[in-house]
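A.B. asks:
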Amino acid sequence: VPEAQALMRREKIHRLPVLNKSGKLVGIVSASDLSHASAAPTTSLDMYELHYLISKLTVETVMTKEVVTITEDLPIEEAARIMADSDISGLPVMRNGVAIGIITESDIFRLFISLFGARHAGVRLTVLMPEKRGELAAVSGAIAKAGGNIVSLATFEGEDPTNHYCTMKVGGLERQALIDVVSPLVERVVDVRENI
1470 VPEAQALMRR
1480 EKIHRLPVLN
1490 KSGKLVGIVS
1500 ASDLSHASAA
1510 PTTSLDMYEL
1520 HYLISKLTVE
1530 TVMTKEVVTI
1540 TEDLPIEEAA
1550 RIMADSDISG
1560 LPVMRNGVAI
1570 GIITESDIFR
1580 LFISLFGARH
1590 AGVRLTVLMP
1600 EKRGELAAVS
1610 GAIAKAGGNI
1620 VSLATFEGED
1630 PTNHYCTMKV
1640 GGLERQALID
1650 VVSPLVERVV
1660 DVRENI
């Protein structure tokens, strides 16, 4: 346990896959698993005896043995869904039964930042749009015609089955110009934020 804690600190990670001698995945252990295992319980042992016992703890005794895994070709949104539904923060990634990596909630957050263009300057706009074929194409075409460039775009469920929300980051247009371009094409502008 102390060696695993030291490795996590050194590598700045919060979980480790646990492999047996033949390289087969047999568990996963998190920093909190290790912390709980090495926390000093109320005991009559003196400090030296307690440190000795903690030094003899093995990862096998504290690891989670029922490990949820994914394959490397699984879509990222499916990995995120599995993590959310299983209430876990990391998934070992397997190839032909061999652990080749791990995807974590931090990886998902970094992807989320990228997908929403959070590191790009521009105007972030959220609109409520009709759920009709061609509506998104009409909005993106109008933005391009006005000189704007859509840096990122995401859609998600609306208030009912007849509409959906669309959030986009747009460069090349000022706030009011963007509102003027999209307003006639959407049910309503929900939110507009500049240069975030």
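Position 83, counted from 1, in the sequence shown is what my numbering calls 1552; the numbers after and before it change by one each time, with no gaps.
The C-beta atom is built at its ideal place from N, Cα and C for all residues, glycine as well.
Rounded to whole angstroms, how far is the Cβ of residue 1539 from the Cβ of residue 1551, which I believe are closer than 8 Å?
C.D. replies: Going by Cβ atoms, the distance from residue 1539 to residue 1551 rounds to 7 Å, so yes, they are a contact pair.
A.B. asks: Beta strand (DSSP E) containing residue 1559: first to last residue?
C.D. replies: 1559–1564
A.B. asks: Suppose the cutoff is 8 Å on Cβ atoms and the five residues either side in sequence are ignored; what does the same chain contact list for residue 1577 look like?
C.D. replies: 1545, 1548, 1549, 1552
A.B. asks: Which residues share a DSSP beta bridge with residue 1754?
C.D. replies: Residue coverage of the chain in this structure runs from 1470 to 1665, which leaves residue 1754 outside it and unanswerable.
A.B. asks: Does residue 1505 pass the burial test, meaning 16 or more other C-beta atoms within 10 Å, or should it be called exposed?
C.D. replies: exposed
A.B. asks: Would you report the Cα separation of residue 1663 and residue 1633, rounded to the nearest angstrom?
C.D. replies: 22 Å
A.B. asks: Alpha helix (DSSP H) containing residue 1484: first to last residue?
C.D. replies: Element bounds for residue 1484: not the alpha helix (DSSP H) but the beta strand (DSSP E), 1484–1488.
A.B. asks: Checking the sheet assignment: what are the DSSP bridge partners for residue 1625?
C.D. replies: 1634
A.B. asks: Could you check which residue in 1502, 1537, 1639, 1535 has the C-alpha nearest to that of residue 1527?
C.D. replies: Per the Cα distances, 1502.
A.B. asks: Once DSSP output is grouped into helix, strand and coil, what is the label at residue 1532?
C.D. replies: It is coil, neither helix nor strand.
A.B. asks: What do you get for residue 1586, buried or exposed, if any count of 16 or more other CB atoms within 10 angstroms of its CB means buried?
C.D. replies: buried
A.B. asks: What is the residue span of the alpha helix (DSSP H) that residue 1732 lies within?
C.D. replies: The displayed coordinates of the chain run from 1470 to 1665. Any statement about residue 1732 would go beyond what the structure contains.
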